[in-house]
Each structure stands twice: as structure tokens, then as C-alpha cells.
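S.K.: Got a structure for you, written out below as C-alpha cells; questions coming shortly.
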């Protein structure tokens, strides 16, 4: 028997907080990306024969496209607002110290 892996990966890219948000949704089968939605492009793109067919199908569904395009707000911006207090506002400034060691030489 074989093992087959289907993966759907969402990425949110933020520029200057939520001023500019880009959503990338990748569809992967057995480590090969077969289709992708990029909110900057606005529609699905296929990278394999099956992916092209699937992209045409998804792009022909007005309700599905509306839902996918709305993910920039409902998924990315929403999660940014929810997560900001934990990830952005709690950053600890980097701290470093150095000291000389007697008898040590630089390589």
C-alpha cells in the first residue's frame, strides 16, 4: 500500500501591519504544488494538468471565488489582530554581552 499526502497551505504576508496584506493558498499533492491562489493575482492558477483543470473549476464558481478572496480579511487580518498582542507587542529587545578571555587568541 502507498501513502498519499494532500496538503492545503495558507500563508499571510503583511506589509506595515495590515496596510497591505497578501494571501497565498497552495494546494500540494505528494510534495508537488498543483494549484495556487494568490490574492495579488485574484484567481487560481494551475501548475500541473490536474491543477489547471481544478483551477478552471474553482475560478468558474462565483461564490467560491468570493469566499477565497475574502480570506484576506476573514483569515489574515482577523488572525493578525488576534495574534498581535502575543507576537508583535511582546517582542523582547535582543541582548548581547562579550568579555575577553585571558590566554585566548583569535583564529
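Numbering (the UniProt record's numbering), first residue to last: 1 to 107. For every residue, glycine included, the Cβ atom is placed at its ideal position computed from N, Cα and C.
What are the start and end residues of the beta strand (DSSP E) that includes residue 35?
M.R.: 32–38
S.K.: Considering residue 6, what are the terminal residues of the beta strand (DSSP E) in which it resides?
M.R.: 6–15
S.K.: Name the residue from 94, 76 and 50 whose alpha carbon lies nearest to the alpha carbon of residue 32.
M.R.: Residue 50 is the option with its Cα nearest to residue 32.
S.K.: Grab me the residues of residue 24's own chain with a C-beta within less than 6 Å of its C-beta, minus the 5 sequence neighbours each way, in chain order.
M.R.: 11 and 38
S.K.: Kindly indicate which three-state DSSP category residue 82 falls into: helix, strand or coil?
M.R.: In this structure, residue 82 counts as helix in the three-state DSSP scheme.
S.K.: Going by DSSP, what residues sit across from residue 24 in a beta bridge?
M.R.: 11 and 38
S.K.: Taking 9 Å as the threshold (C-beta atoms), are residue 72 and residue 22 in contact?
M.R.: yes
S.K.: How big is the Cα-Cα spacing for residue 60 and residue 53?
M.R.: 11 Å
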